[in-house]
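K.L.:
Protein chains in written order, with the working numbering: chain H, 8 to 141; chain F, 8 to 141. Sharing a structure below in structure tokens format, with a few things to ask.
Protein chains: 2
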Amino acid sequence: MNIKEVAEVSGLPAKTIRYYEEIRLICPLRGANGYRVFGTSDIHKLSFIARARGLGFSIEECRRLLALYDDKKRASADVKALAEVHLRDIATKIKELRAMEAALQSLVHACAGDARPDCPILMGLAKPGAVCCD
Amino acid sequence: MNIKEVAEVSGLPAKTIRYYEEIRLICPLRGANGYRVFGTSDIHKLSFIARARGLGFSIEECRRLLALYDDKKRASADVKALAEVHLRDIATKIKELRAMEAALQSLVHACAGDARPDCPILMGLAKPGAVCCD
DNA sequence: CTAGTCCTTCCAGTCATGGGAAGGTCAAGA
DNA sequence: TCTTGACCTTCCCATGACTGGAAGGACTAG
Chain H
8 MNIKEVAEVS GLPAKTIRYY EEIRLICPLR GANGYRVFGT SDIHKLSFIA
58 RARGLGFSIE ECRRLLALYD DKKRASADVK ALAEVHLRDI ATKIKELRAM
108 EAALQSLVHA CAGDARPDCP ILMGLAKPGA VCCD
Chain F
8 MNIKEVAEVS GLPAKTIRYY EEIRLICPLR GANGYRVFGT SDIHKLSFIA
58 RARGLGFSIE ECRRLLALYD DKKRASADVK ALAEVHLRDI ATKIKELRAM
108 EAALQSLVHA CAGDARPDCP ILMGLAKPGA VCCD
């Protein structure tokens, strides 16, 4: 299978697939013409990576997940540990974003949003202690 | 004031302050020795930027916020509009993260996390349709 | 005078791509 | 056979918002 078809099947852009080869996440064969030739295992791996990326795993985490996937003697505890670390990262980011949202929302709420220059949002950004988003 | 002190006061790393000058967010004067000399207005701006960045505004949004802050004839509606766009971005990101969190959590929950290789997390990543995080 | 701490610029790297140029390959139709 | 046009290749540069580090100048305390 050539790269464009693989891109359609896996949902990943061709550029991204080439990049994944460059960083050795996948190692497709080459045809006599120099074209990449993707086997079913490559396509499998790319779909796997696409889903893992969709869940927010970093490339390096994907690499470890793939290694665990390939290792038939793995302990599921190792996979779970990896996932739990990532879950905590996600939870942390959500918390940060919610704090930002709350702080900004209170400023926006206080702003008249009319033609006058007085603006609690700008005041909040200008004054120390007026914005907290921890 | 020299850069290190400004860094302490504003809470921004010196490197970042230099970067902000490079992209013309700020324009500190220079002393005879070539050192940057920060006036109170620079320090004010840097603190403003630090707070805006803390609320998740991009550099370009910070630039627009600063311009509005400087413009004494601004309409607060313009500031509010900027903030509301950003609020929507934040809300979108939170939604995406929560979808990821939910999908990953259900996989993690199904995983025994013991010494055996069987792993619903890997199965979920490998099988089409098993993971949804939209 | 020297040691140590500042300051400067410049270059390169991060992460995960995306854009686009220059050029080779292949399949279909005139 | 020739020519399109769609595909493929590599290569280099750009993104955002920094961060690290090297090389070298400036200043302060002892």
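Beta carbons are placed, not taken as given, at the ideal position from N, Cα and C, and that holds for glycine.
So, does the CB of Tyr27 (chain F) fall closer than 9 Å to a CB anywhere in chain H?
P.N.:
One-based indexing of the second sequence puts residue 27 (chain F) at position 20. So no, Tyr27 (chain F) is outside the interface.
K.L.:
Leu36 (chain F) by DSSP, collapsed to three states: which one?
P.N.:
The residue given as residue 36 (chain F) occupies position 29 in the second sequence. The answer is strand: DSSP assigns Leu36 (chain F) an E or B state.
K.L.:
Would you say Met107 (chain H) and Ile56 (chain F) are within 9 Å of each other, going by their C-beta atoms?
P.N.:
The sequence position of residue 107 (chain H) within the first sequence is 100, counting from 1. The sequence position of residue 56 (chain F) within the second sequence is 49, counting from 1. It is not a contact, given that the beta carbons lie outside the stated cut-off.
K.L.:
May I ask you to report which of helix, strand or coil DSSP gives Arg71 (chain F)?
P.N.:
Taking the first residue of the second sequence as 1, we reach residue 71 (chain F) at position 64. If DSSP states are grouped into helix, strand and coil, Arg71 (chain F) belongs with the helices.
K.L.:
Of all Cβ atoms in chain F, is any one closer than 9 Å to the Cβ of Gly46 (chain H)?
P.N.:
Position 39 of the first sequence, counted from the start, is the residue given in the question as residue 46 (chain H). Chain F, which has no Cβ nearer than 9 Å to the Cβ of Gly46 (chain H), makes this no.
K.L.:
Can you confirm whether Glu12 (chain H), when its beta carbon is compared against all beta carbons of chain F, has any partner nearer than 9 Å?
P.N.:
To locate residue 12 (chain H), count along the first sequence from 1; it is residue 5. Closer than 9 Å: no.
K.L.:
Check Arg123 (chain F) in the structure and name its three-state DSSP category.
P.N.:
Within the second sequence, the letter at position 116 stands for residue 123 (chain F). Note: Arg123 (chain F) maps to coil in three-state DSSP.
K.L.:
Under 8 Å: do the stretch 80–93 of chain F and the stretch 41–48 of chain F share three or more Cβ pairs, one atom per stretch?
P.N.:
Cβ pair count under 8 Å is below three, so no.
K.L.:
Please report the Cβ distance between Leu89 (chain H) and Glu67 (chain H), rounded to the nearest whole angstrom; I am assuming they are in contact, meaning their Cβ atoms lie under 8 Å.
P.N.:
In the first sequence, the residue the question calls residue 89 (chain H) occupies position 82. In the first sequence, the residue the question calls residue 67 (chain H) occupies position 60. Actually they are not in contact, since the Cβ atoms of Leu89 (chain H) and Glu67 (chain H) sit about 11 Å apart, beyond 8 Å.
K.L.:
I need the boundaries of the alpha helix (DSSP H) containing Lys100 (chain H), first residue and last residue.
P.N.:
Here residue 100 (chain H) refers to the residue found at position 93 of the first sequence. Run containing Lys100 (chain H): Ser83 to Ala117, per the alpha helix (DSSP H) assignment.
K.L.:
What in chain H is Cβ-close to Ser68 (chain F), meaning under 7 Å?
P.N.:
For the purposes of this step, residue 68 (chain F) is taken as the residue at position 61 of the second sequence. According to the sequence provided, residue 68 (chain F) is Glu. The question's Ser does not apply to it. Chain H residues near Glu68 (chain F): none, gap ~11 Å exceeds 7 Å.
K.L.:
Counting along the chain, where does the alpha helix (DSSP H) carrying Phe55 (chain F) start and finish?
P.N.:
Mapped onto the second sequence, residue 55 (chain F) falls at position 48. It spans Thr47 to Gly61 - the alpha helix (DSSP H) in which Phe55 (chain F) sits, taken as one unbroken run.
K.L.:
Who are the neighbours of Glu15 (chain F) on chain H, taking C-beta pairs under 8 Å?
P.N.:
Along the second sequence, read from residue 1 onward, the residue named residue 15 (chain F) stands at position 8. Correct list: empty, because the minimum Cβ distance to chain H is about 14 Å.
K.L.:
Can you pull the chain H residues whose beta carbon is under 7 Å from the beta carbon of Gly120 (chain F), in chain order?
P.N.:
Taking the second sequence and counting its residues from 1, one reaches residue 120 (chain F) at position 113. Here the neighbours are Ser83, Ala84 and Lys87.
K.L.:
Can you tell which of F:Arg25, F:Glu28, F:Asn9 and F:Gly131 has the C-alpha that lies nearest to the C-alpha of Val86 (chain H)?
P.N.:
Counting from one through the first sequence, the residue named residue 86 (chain H) turns up at place 79. Checking every option, the nearest Cα to that of Val86 (chain H) belongs to F:Gly131.
K.L.:
Ends of the alpha helix (DSSP H) at Tyr27 (chain F)?
P.N.:
Taking the first residue of the second sequence as 1, we reach residue 27 (chain F) at position 20. Unbroken alpha helix (DSSP H) run through Tyr27 (chain F): Ala21 to Glu29.
K.L.:
For Asp49 (chain H) and chain F, any beta-carbon pair shorter than 9 Å?
P.N.:
Residue mapping note: residue 49 (chain H) aligns to position 42 of the first sequence, counting from 1. No - not a single Cβ of chain F is within 9 Å of the one on Asp49 (chain H).
K.L.:
For the stretch 105–118 of chain F, which residues have a beta carbon sitting closer than 8 Å to at least one beta carbon of chain H?
P.N.:
Hits within the stretch, in order: Arg105, Met107, Glu108, Ala110, Leu111, Gln112, Leu114, Val115 and Cys118.
K.L.:
So what does Val44 (chain H) bridge to, in DSSP terms?
P.N.:
As a working note, residue 44 (chain H) is residue 37 in the first sequence. Answer by DSSP bridge pairing, in chain order: H:Leu36.
K.L.:
For a contact defined as C-beta to C-beta under 9 Å, what are the partners of Lys22 (chain H) on chain F?
P.N.:
As a first step, residue 22 (chain H) must be located in the first sequence, where it is residue number 15. None at all; the shortest Cβ gap to chain F is about 22 Å.
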